[in-house]
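Chemist:
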Amino acid sequence: MYKQKKDMLVGMHKDELIQLHTLMAQMKSRLEEKGFTHEFSEYDSLAISPIHVHRSKAEHKLAIFVLGNSLAVAMSKDEFSGFGRTSERMKELATRMQHSIMQDNF
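Here it is in structure tokens:
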């Protein structure tokens, strides 16, 4: 029987996650050019970017979820009005991933 995966990023390889992280970082740069700079402080505090290929797959997942949340928040403040729920979902996934990383480290 087919079992649905809870985490959409589970089946992705690390190089695919880094590619997704890169695309999202490019979106971040575009939004920062438009003046959305304060929305990315949580992501910036992680101190992980797509070029940090030595970082773990889990850390890149966390960065993707946190950045995804920040992108959704920024877009919801712009002309894109239907992204509020996306922001909440990304925040939820980031929290879950952060707990997972903490459990793996102990």
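Under numbering that gives the first Met the number 0, the sequence shown has 29 at position 30, and the numbering climbs by one with no breaks. Beta carbons are placed, not taken as given, at the ideal position from N, Cα and C, and that holds for glycine.
Near asparagine 68, what residues of its chain come up, given a Cβ to Cβ distance below 7 Å and the 5 sequence neighbours on each side ignored?
Modeler: Within the same chain, asparagine 68 has close Cβ partners Ser86, Met89, Lys90 and Ala93.
Chemist: Using only CA atoms, which one of Ala57, Ala71 and Val72 lies nearest to aspartate 103?
Modeler: Of the candidates Ala57, Ala71 and Val72, the one whose C-alpha sits nearest the C-alpha of aspartate 103 is Ala57.
Chemist: Using beta-carbon positions only, say whether alanine 100 and leucine 61 come within less than 8 Å of one another.
Modeler: Inspection of the sequence shows that residue 100 is occupied by isoleucine rather than by alanine. Yes, these two residues count as a Cβ contact at 8 Å.
Chemist: Start and end of the alpha helix (DSSP H) containing phenylalanine 35?
Modeler: Neither: phenylalanine 35 is in no alpha helix (DSSP H) and is coded neither H nor E.
Chemist: So valine 65 and glutamate 38 are supposed to be a Cβ contact under 8 Å. How far apart are they, rounded?
Modeler: Their Cβ separation, rounded to whole angstroms, is 11 Å, which puts valine 65 and glutamate 38 out of contact at 8 Å.
Chemist: If you follow the alpha helix (DSSP H) that serine 69 is in, where does it begin and where does it stop?
Modeler: Segment 56 to 76, the alpha helix (DSSP H) holding serine 69.
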